[in-house]
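J.: Once you know that position 211 of the sequence shown is 1062 in our numbering, the rest is easy, because the numbers rise by one and skip nothing.
Positions of the beta carbon are idealized from the N, C-alpha and C atoms, including for glycine.
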Amino acid sequence: QRLRTDSFTSTSLGFIIYLLSRQPQFFHTCIHPFVSIMAEKKSRSVAQIAEPFVCGGSAATFASVIIHPMDLAKVRMQLFGQLNPGKPVPGFATILSSIVKNDGIKSCYKGVDAAIGRQMVYGTARIGLHRAFSQKLQEMNDGKPINFITKTLSGMASGGIAVCIGTPFDIALVRLQSDSMAPVAERKNYKNVFDALTRTASEEGAGALYKGLAPNILRGMSMNVGMLACYDQAKETVASLLGDPMTDGKPQLTTQIGASCVAGFTAALFSIPFDLIKSRLMAQRPDPATGKMPYSGVADCAVQIFKKDGPIGFFSGFSAYYGRCAPHAMIILLSIESITGGYRGAMGIH
852 QRLRTDSFTS
862 TSLGFIIYLL
872 SRQPQFFHTC
882 IHPFVSIMAE
892 KKSRSVAQIA
902 EPFVCGGSAA
912 TFASVIIHPM
922 DLAKVRMQLF
932 GQLNPGKPVP
942 GFATILSSIV
952 KNDGIKSCYK
962 GVDAAIGRQM
972 VYGTARIGLH
982 RAFSQKLQEM
992 NDGKPINFIT
1002 KTLSGMASGG
1012 IAVCIGTPFD
1022 IALVRLQSDS
1032 MAPVAERKNY
1042 KNVFDALTRT
1052 ASEEGAGALY
1062 KGLAPNILRG
1072 MSMNVGMLAC
1082 YDQAKETVAS
1092 LLGDPMTDGK
1102 PQLTTQIGAS
1112 CVAGFTAALF
1122 SIPFDLIKSR
1132 LMAQRPDPAT
1142 GKMPYSGVAD
1152 CAVQIFKKDG
1162 PIGFFSGFSA
1172 YYGRCAPHAM
1182 IILLSIESIT
1192 GGYRGAMGIH
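Right, here's the structure in full:
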C-alpha cells in the first residue's frame, strides 16, 4: 500500500512560505527572535540558554507520566467510533475499567515509554521555544509585556516546529495505545517504543512515521496557543484581579492555579478537533479485503467524521480529553515554576 500524499501538508507548507515571503512581520515576530537567540551564545551562558528547554521538558515529562492512563483512555474513546461504527462511545470511567479488567492494571501504562520519549523531544521543544521566543520578544519590546497576538504567534511557531520534530514518537504512542483494540489476528504486539518505530518504518516505509503530520501541526499550534499563550495572558489578568505584584515576574500560587485552570480548558477546547483527526489518521490501517485506507487525508477524515457524527463528532471523547489536558497543563504550568527556581539555584543563575 503506497502512502498517499496529503495535499493539506503541501498547503500548510505553502502557507508558511507565503508568510515568509509576503509578510515580513511574521519573520520579524517569529523567526528573527529564534535567530537572535542562537546568536546570543557568546553573551549568555549555556545554562541560561538551556533553561527554558531543560525546565520545560522536565515539567512536560513529569506531567505526562502522571496522566498517562487518562491519555490512554482518551485515545481509546476517539478510536472507538472508527472501530465500532454506529455504537455509542463508552464513557471515560467505562473505558478505564474495561482496560483494567481485560488487560490488568499495568496496561494503564501501555506506551508510557513512547510518551516519555515524545515529551523529551516534543515537550522540550514546544515549551522551550515558546518561552525563549517570548523572552526575546519581551526584550525587543523594551521589557514590557507582549500583547496576546504576539503571544499567539509565538505559540503557533513553537508548536509547529516542535511537532515536526516529535511526530514519529507520537505515531509510536498512538500505535502502542490502540493496538489492543484491533482484532487479535491484526494486532502488531509491539514490544516497546523502539520496536514500534522500527517496525512501522520497515513495514510501511519511513514516511509512515510522519503520517497525520498536517493535523498534528494544527493540533500543536492550537495546543500551544490554548495552553501557553492563554496561560501567559491569564496569568497577567488573574494577577491583576488578585492584586498579585508578580515580583521579579514570579506569580503567587493562587495566580498560577487560576491561570493554569483557564489554560487547561482553552488547550482542550482549541485542540480536540485536530487531535481526533490526528489519532484516526495515525491509527488507520489498510482494509484486509481491499487494501484501501479508511481515510485519504485530513479533509476526507474530517468529512467522514462530520457525515457520521455531525459537528459534535469532532468533540468525541471531550470528557477524557479535558480530563487529560487540564491536569497535564496544570501540572506542567505549576511545576515548571518550581523546576525553574531549582534549576537557577543549582546553576547559579540570578
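Is DSSP giving D1030 helix, strand or coil here?
T.: For the purposes of this step, residue 1030 is taken as residue 179 along the sequence shown, with counting starting at 1. It is helical.
J.: On the premise that V1025 lies in contact with A1134, defined as a C-beta separation below 8 Å, what is that separation, rounded to the nearest angstrom?
T.: Here residue 1134 refers to the residue found at position 283 of the sequence shown. Here residue 1025 refers to the residue found at position 174 of the sequence shown. So it is a contact: roughly 5 Å between Cβ atoms.
J.: May I ask you to report which of helix, strand or coil DSSP gives K995?
T.: Your numbering for residue 995 matches position 144 in the sequence shown. Note: K995 maps to coil in three-state DSSP.
J.: For G974, collect the residues of the same chain with a Cβ closer than 6 Å to its Cβ; drop the 5 residues on either side in sequence, then sort them by chain order.
T.: Taking the sequence shown and counting its residues from 1, the one referred to as residue 974 is at position 123. Within the same chain, G974 has close Cβ partners G908 and A911.
J.: Quick one: any contact between the segment 1016–1025 and the segment 1092–1107, if contact means 3 or more CB pairs under 8 Å?
T.: No contact exists between the segment 1016–1025 and the segment 1092–1107.
J.: Take the Cβ of E990 as the centre, count every other Cβ of all protein chains shown within 10 Å, and call the residue buried at 16 or more, exposed below.
T.: Working through the sequence shown from its first residue, we reach residue 990 at position 139. Exposed, because fewer than 16 other Cβ atoms sit within 10 Å of the Cβ of E990.
J.: Quick one, are the C-beta atoms of A1118 and M1072 less than 8 Å apart?
T.: For the purposes of this step, residue 1118 is identified with residue 267 of the sequence shown, where counting begins at 1. For the purposes of this step, residue 1072 is identified with residue 221 of the sequence shown, where counting begins at 1. Going by C-beta atoms, A1118 is not nearer than 8 Å to M1072.
J.: Are the CB atoms of R1131 and C1152 within a distance shorter than 8 Å?
T.: Locating residue 1152 in the sequence shown gives position 301, where the first residue counts as 1. Locating residue 1131 in the sequence shown gives position 280, where the first residue counts as 1. Cβ distance < 8 Å, so C1152 and R1131 count as in contact.
J.: For F943, does the count of other Cβ atoms within 10 angstroms reach 16, so buried, or fall short, so exposed?
T.: Along the sequence shown, one-based indexing puts residue 943 at 92. F943 is buried by the Cβ-count criterion.
J.: Determine whether the Cβ of S985 lies closer than 8 Å to any Cβ atom of chain D.
T.: Annotation note: the requested chain D is absent from the structure, which comprises a single protein chain.
J.: State yes or no: is the C-beta of S1029 within less than 8 Å of the C-beta of K1002?
T.: As a position in the sequence shown, residue 1029 is number 178, starting the count at 1. As a position in the sequence shown, residue 1002 is number 151, starting the count at 1. No, they are not a contact pair.
J.: Under a Cβ-count criterion, where at least 16 other Cβ atoms within 10 Å of its own Cβ denotes burial, should P1124 be classed as buried or exposed?
T.: On the sequence shown, residue 1124 is found 273 positions in, with the first residue counted as 1. With 16 or more other Cβ atoms within 10 Å, it is buried.
J.: Less than 8 Å between the beta carbons of K1086 and T1105, yes or no?
T.: What you label residue 1086 is simply residue 235 of the sequence shown in a count that begins at 1. What you label residue 1105 is simply residue 254 of the sequence shown in a count that begins at 1. Going by C-beta atoms, K1086 is not nearer than 8 Å to T1105.
J.: Does DSSP put T1141 in a helix, a strand or coil?
T.: Within the sequence shown, numbered from 1, the residue matching residue 1141 stands at position 290. Three-state result, T1141: coil.
J.: Quick check: what's the CA-CA separation for V940 versus V897?
T.: Translated into positions along the sequence shown, residue 940 becomes position 89. Translated into positions along the sequence shown, residue 897 becomes position 46. Computed Cα separation, rounded: 49 Å.
J.: Output needed for G1174: all residues of its chain with C-beta closer than 7 Å, excluding positions within five of it in sequence on either side, in chain order.
T.: Taking the sequence shown and counting its residues from 1, one reaches residue 1174 at position 323. The residues are M921 and F943.
J.: Look at the alpha carbon of L934 and the alpha carbon of N1043, and state the distance between them as a whole number of angstroms.
T.: Within the sequence shown, residue 934 is the residue found at index 83, counting from 1. Within the sequence shown, residue 1043 is the residue found at index 192, counting from 1. Between L934 and N1043, the C-alpha separation is close to 23 Å.
J.: Leaving out five residues before and five after S1005 in sequence, what residues of the same chain have Cβ atoms less than 6 Å from its Cβ?
T.: What you label residue 1005 is simply residue 154 of the sequence shown in a count that begins at 1. Contacts found: H981, F984 and S985.
J.: Should N1067 be labelled buried (16 or more other beta-carbon atoms within 10 Å of its own) or exposed?
T.: Counting from one through the sequence shown, the residue named residue 1067 turns up at place 216. Looking at its Cβ environment, which holds 16 or more other Cβ atoms inside 10 Å, N1067 is buried.
J.: Can you give me the C-alpha to C-alpha distance between K1143 and Q1155, rounded to a whole angstrom?
T.: Here residue 1143 is taken as the residue at index 292 of the sequence shown, counted from 1. Here residue 1155 is taken as the residue at index 304 of the sequence shown, counted from 1. C-alpha separation (whole angstroms): 15 Å.
J.: Would you kindly work out how many angstroms separate the C-alpha atoms of I900 and C1176, rounded to a whole number?
T.: As a position in the sequence shown, residue 900 is number 49, starting the count at 1. As a position in the sequence shown, residue 1176 is number 325, starting the count at 1. I900 and C1176: Cα-Cα distance of roughly 28 Å.
J.: Among the residues of its own chain, which have a CB less than 7 Å from the CB of T860, if the five just before and after it don't count?
T.: In the sequence shown, counting from the first residue as 1, residue 860 sits at position 9. Only weak support is given to the placement of T860: the predicted model assigns it a pLDDT of 46, under 50, and the question is left unresolved by the model.
J.: For N935, which three-state DSSP category applies?
T.: Reading the sequence shown from its first residue, position 84 is the one you call residue 935. Coil at N935, not helix or strand.
J.: Just to confirm my understanding: we take R969, look at its own chain, exclude 5 residues before and 5 after, and list those with CB closer than 7 Å. What are they?
T.: What you label residue 969 is simply residue 118 of the sequence shown in a count that begins at 1. Hits under 7 Å: G1017, F1020, D1021 and L1024.
J.: Can you tell me whether DSSP reads P1066 as helix, strand or coil?
T.: For the purposes of this step, residue 1066 is identified with residue 215 of the sequence shown, where counting begins at 1. Here P1066 sits in helix by DSSP.
J.: Which same chain residues, not among the five before or five after Y1172, have their C-beta less than 6 Å away from its C-beta?
T.: Residue 1172 sits at position 321 when you count from the first residue of the sequence shown. The answer, listed in chain order, is K925, A1119 and I1123.
J.: Would you decide whether D1083 is buried or exposed? Buried here means 16 or more other CB atoms lie within 10 Å of its CB.
T.: Along the sequence shown, one-based indexing puts residue 1083 at 232. So D1083 counts as buried.
J.: By how many angstroms is the C-alpha of K938 removed from the C-alpha of E1037?
T.: Stepping through the sequence shown from its first residue, residue 1037 is reached at position 186. Stepping through the sequence shown from its first residue, residue 938 is reached at position 87. About 21 Å.
J.: Keeping to the same chain, check which residues put their C-beta closer than 6 Å to that of F999; ignore five residues upstream and five downstream.
T.: Working through the sequence shown from its first residue, we reach residue 999 at position 148. Q1084.
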